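So the sequence shown is numbered by this note's numbering: it starts at 205 and just counts up by one.
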Amino acid sequence: MILFENRNHCWRSSILSATVVWGVFLTVITEFLSLFRLLKFFPVLGVWVLFTVGLVILYFQLPSSSKGTALLKYPGKILKGNKISLYPGLLVSGVVFIVATVGLIALIAPPNTWDSMTYHMSRVVHWIQNHSLAHYPTYNLPQLFHPPFAEFAIMHLQILSGGDRFANFVQWFAMIGSIIGVSLIAKELKADVRGQVFAAVVCATIPMGILQGSSTQNDYAVAFWLVCLAYYVLLAVKAKNNQIPLFFIGASLGLATLTKSSAYVFAFPFMLWFGLIKLKHLRLKIWKPILVITAIFIFLNVNHYLRNFDLFSSLLGTPKNFAREYKIEVFTIPTFLSNVIRNLSLHIDIVRHLGLQEFITPFTGIVAKILGIIHTIMGVDISDPRITSGSYTVPGVSFDENTAGNPLHFFTILITITYCLIQKKLRNDKYLVSYLVAIIAGFLIFCLLLKIQPYQSRHHLTIFVLVSAFVGLVLSRMKNYTIINIVLAIFIFTSLPWVFNNKFRPINTEANIFNLSRIEQYFINRTQLQQPYVETANFVLSKECSNVGLSLGTGETVGNRYWEYPLWVLLQKNKVIKLEHINPQNISNVKSKIYPHKNFVPCVIISVKDKNLNQKQNREIVLPSGTYVEEWSTASEYISVFSKKNKSSIPQN
């Protein structure tokens, strides 16, 4: 297997290939250590020390000419040697500023988005406590069945550092890798240095990407692996002598699907492109590369598949009630067109993006009216529950990493696609057009299969990241350099509000990440929860109890409403306290009967109710280990603490 032709050996391709190898290694050692319940500090530290020593030994075995000098030489090419060197250099400086500021936010601010508090970070601490990835009893089933790679990386950082200070760095590094990756894809699409820099600028200034680059969501992580996949597929289809990077295609595909299920949708067109081109070249021998890629893909995902199949009788593990929330229930041309139009409309508020506030109300009203007329003509309810999760409204610009749109990028994409179709030279570039078609096909498949949701735009991040390479190249081919330079400057300057005004991790507000305590920032999304959570934690800590049970309501979706992770932070400030979900009323309860969960006997139980569900707070909880009665509750009775009737029988670790 030949990985690259000589012309592709550069520091950027080295970063991508090294990161893919790192991702495979991380997955393998995580699954291996989990088998023996060794997800602990010293085993994890030992593995990474050995890995680092191995890399150092390998480095000194390389010829001196191969030891990374390209990394030092390349930046100089941007700063000298041609007429356009100064301006690309300034653009690169803008990108560095954005990335560095997002990195500072990632370091200072704790994880605090909704999904992070309910399942991303919660599953990490459960794995660390259990020393294993095995499914466990939980009120929040997404902690179990969702793909886990991003949380694998967070878990290693958390085990080694003893806290979540570096948890946001997984997405931040994915942001950096994606910027590097799309510039490299632009290079393979025959963009010059100017076009490669433009691609990096377009990618770095995506509002949704800026917001997510400092969080523990996983949309940027999956985008990065799909950038790697697109790059290696592009190398493969361009190879004239069947030099195919099979390992990297299979590994990128496997790591993407192990990170987020949307990868199956966005990766499919690229794999189809690869398959069709190689079928033409290899004919009946096509089975060989397909077999290798499939084997690597399955190898990386098989353990997660098996855990899901064991509990849910499904490889993906999505329970039916969750599937109904996301999957399209009716397939007709009008409903498909409705989904395409509504997905595109999430990025249409260019007026607010450019700061033209005086035009906001008429613009939004016009858009809503046009969408209403289109849906009336098609005979489709704009909020049809068969194709909509919740209800649909025309969105505006947002600084929320769950709902932010990318209007300037959206309209620029439309302009560059139009320009590409007009220009014969671009239109006849089979690799450029095929790359664009693969991205558009992924978007259309996404619209065909998945309902639109209030948080749909974050799933679009992958599309905007991938298309940055296309946009950068096309902009570099436009003749009026002055206008294009102004456009790229606008990209950078209009992205700054998303850098400084992140809704959950702000810099440019009176209450910001520098003057709010870390505990306050955990609750910045739901400030009303801070006092009851802190009061509950203080009461439990006063009980000198080491085994704490969590009772989070009833039903299979209820656990999504509760912020579990802050309880771990508050209860484990000074000592290790074990927390487990008690008697969840869903399929995961079967795990309560196996080791180590069957041996867990709580000395107190924290019970949380949801007023929105009109839950009645029980005054007594009966378990095989005994009967627990309410001993304390918050003033609102939102949270109660239960203790055993017979105090003398309360076990202590």
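Where a beta carbon is used, it is the ideal one built from N, C-alpha and C, also for glycine.
All values derive from a computational prediction rather than experimental measurement.
Which same chain residues end up closer than 6 Å to residue i when comparing Cβ atoms and leaving out the 5 residues on each side of it in sequence?
i	result
T273	Because T273 sits at a pLDDT of 48, beneath the cut-off of 50, its placement in the model cannot be relied upon, and the point is left open.
Q657	S593
R590	E533 and V534
V544	C651
L361	F370
E170	This structure cannot settle anything about residue 170, because the visible part of the chain is limited to 205 through 857.
Please classify residue i as buried or exposed, where buried requires at least 16 neighbouring CB atoms within 10 angstroms.
i	result
R631	exposed
G285	Confidence at G285 is low in this model, with a pLDDT of 40, below 50, so the placement of that residue should be treated as unreliable; the coordinate-derived value is given next. By the 10 Å Cβ count, G285 comes out exposed.
N742	exposed
I687	exposed
R709	buried
N491	One point to set straight first is that residue 491 is Trp, not Asn, in the sequence displayed. That one is exposed.
R487	exposed
Q265	exposed
Y685	exposed
R662	buried
K628	exposed
L476	exposed
According to DSSP, simplified to helix, strand and coil, what is residue i?
i	result
W376	helix
L654	strand
I809	strand
F697	helix
F470	helix
L648	helix
I219	helix
H551	coil
F708	coil
Y842	coil
L754	strand
V406	helix
L612	helix
A274	Because A274 sits at a pLDDT of 44, beneath the cut-off of 50, its placement in the model cannot be relied upon, and the following sentence gives the value as read from the coordinates. DSSP places A274 in helix when its eight states are reduced to three.
W767	coil
I537	helix
G600	coil
E760	Bear in mind that a pLDDT of 46 at E760, under 50, signals an unreliable position, so the number given afterwards is only what the model happens to contain. In the structure shown, E760 sits in coil (DSSP, three-state: anything other than H, G, I, E or B).
V826	strand
K244	coil
L783	strand
S847	strand
T831	strand
T592	strand
S837	strand
K858	There is no way to answer for residue 858, as the model of the chain reaches only from 205 to 857.
D423	helix
Please list, in chain order, all residues of the same chain as residue i whose beta carbon is under 8 Å from its beta carbon, the five residues on each side excluded.
i	result
S382	C407, G413, Y424, A427, F428, V431 and V669
P247	L237
Would the beta-carbon of residue i fall within 9 Å of that of residue j?
i	j	result
L459	T231	yes
I500	A455	yes
F718	I728	no
L308	A404	no
P352	H508	yes
L640	V671	yes
F452	Y436	yes
T620	L679	yes
M325	T420	yes
K482	P493	yes
I810	S755	yes
H664	N751	no
L541	M582	yes
T522	F356	no
Y769	Y726	yes
In its own chain, which residues sit with a C-beta less than 7 Å from the C-beta of residue i, not counting the 5 before and 5 after it?
i	result
E546	With the sequence shown as reference, residue 546 is identified as Arg, and Glu is not the correct amino acid for it. For R546, where only same-chain residues beyond five positions count, the Cβ hits under 7 Å are Y596 and I656.
H485	N446
T761	Model confidence at T761 stands at a pLDDT of 47, short of 50, so the residue's coordinates are unreliable; what they give is reported in the following sentence. Once the five neighbours on either side are set aside, the close Cβ partners of T761 are N525.
Q333	K782
S699	I302, T409, P411 and I414
T342	L348, G763, H785, P788 and S792
Beta carbon of residue i: closer than 8 Å to some heavy atom of the ligand SAM?
i	result
Y530	Ligands are entirely absent from the displayed structure, and the ligand SAM is therefore not among its contents.
Runs of alpha helix (DSSP H) lying entirely within the region 330-370, each at least 4 residues, in chain order: 346-349 and 353-365
Beta strand (DSSP E) runs wholly inside the region 427-515, at least 3 long, in chain order: none
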